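Here is the structure we will look at, set down as structure tokens.
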Amino acid sequence: MPSWSPRAWYTLVIWRGRHVVEPFELTEPEAQSCWKATLTVAKALATFYRPLKMNYETLGNTVPHLHTHLLPRFVEDPAPRRPFPLLPQSGDESQIDPAQLASDAAALRTLLG
Numbered sequence: 008m009p010s011w012s013p014r015a016w017y018t019l020v021i022w023r024g025r026h027v028v029e030p031f032e033l034t035e036p037e038a039q040s041c042w043k044a045t046l047t048v049a050k051a052l053a054t055f056y057r058p059l060k061m062n063y064e065t066l067g068n069t070v071p072h073l074h075t076h077l078l079p080r081f082v083e084d085p086a087p088r089r090p091f092p093l094l095p096q097s098g099d100e101s102q103i104d105p106a107q108l109a110s111d112a113a114a115l116r117t118l119l120g
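See the structure below:
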């Protein structure tokens, strides 16, 4: 698991096409495009961070627009066998180092082409 805050690798893939709330509202070509984009980003995250598993959460109860949360899961997972806790749990979580975040973002952009 990365040594910094898990928020550094938490990623959203946001559908930029017409407004929909549910994936089933997409046309077949839109659904293929949306899922391909999600898988492309997930593969880049997995290649770079080397998690044990990638979780995909397509929610929408807070923001009613199609988007998928990508959450790499690691050996040192704070909530094994449960949904990942997105909010701070203790207040003692490490902060994201801005330089490390910028470096990771640059490397991920390279992987994404």
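Taken in order, the sequence shown gives residues 8 to 120; the numbers are from my numbering. Note that beta-carbon positions come from the ideal geometry of N, C-alpha and C, so glycine has one too. Note that the coordinates shown come from a computational prediction; the quantities given were computed from them, not determined experimentally.
For the pair V27 and N68, the Cα-to-Cα distance works out to about 13 angstroms. The beta-bridge partner set that DSSP reports for I103 is empty. Between L46 and N62, the C-beta gap is not smaller than 9 angstroms, which leaves the two residues out of contact. By DSSP's assignment, N62 forms a beta bridge with L78. DSSP places T69 in the coil class of the three-state scheme, outside both helix and strand.
Inclusion of R89 and L59 in the CB contact set at 9 angstroms is not warranted, their separation being larger than that value. For L118 and T65, the gap between their C-alpha atoms comes out near 23 angstroms.
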